[in-house]
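Here the structure comes first, spelled out in structure tokens, and everything after it is commentary.
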Amino acid sequence: MCKGFHSLQRDGQMVDVTIAAGGKIFKAHKLVLSVCSPYFQKIFLEHPSQHPILFMTDVNSHHMAGLLDFMYSGQVNVKYEDLPNFLKVAEALQVKGLHGE
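Going by full-length UniProt numbering, the residue at position 49 of the sequence shown is 49; the numbering climbs one at a time, nothing skipped.
Following this line, the structure appears as structure tokens:
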């Protein structure tokens, strides 16, 4: 099932949330983000919208791409020197599996 969601996300199919981060646009599924992150779940529950657009002003595009890869596939490749900053973003966004729960 996860591979199916990842394939849909990569192809931009049936996406229902748009994320702007670091000058790039990412399309995703609220369901996947909500399951993987209490941060996103809270946003979607408190501010219901058919297709919200989230502006992640403190997140660069590489980190957002990596977090989405992790949420959809359970894997991510991060350069060693970038790991501390990547994990800080994961902590701030409460991404399960990448922060101390």
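Think of the CB as a built atom: it goes at the ideal place given N, C-alpha and C, for glycine as much as any other residue.
Going by beta carbon distance, what residues of the same chain come within less than 7 Å of residue i, once the five residues before and after it are set aside?
i: residue 95; result: 36, 37, 67, 70 and 71
i: residue 61; result: 21, 22, 23 and 24
i: residue 15; result: 9, 27, 28 and 29
Near residue i, what residues of its chain come up, given a Cβ to Cβ distance below 6 Å and the 5 sequence neighbours on each side ignored?
i: residue 99; result: 90 and 91
i: residue 39; result: 93 and 94
Buried or exposed: residue i, going by 16 or more other Cβ atoms within 10 Å of its Cβ?
i: residue 53; result: exposed
i: residue 47; result: exposed
i: residue 51; result: exposed
i: residue 86; result: buried
So, residue i versus residue j, is the Cβ gap smaller than 7 Å?
i: residue 41; j: residue 49; result: no
Unbroken stretches of the beta strand (DSSP E), 3 residues or longer, contained in the UniProt domain "BTB" (15-80): If only complete runs of 3 or more residues are kept, the UniProt domain "BTB" (15-80) shows the beta strand (DSSP E) at 17-21, 24-28 and 53-56, in order along the chain.
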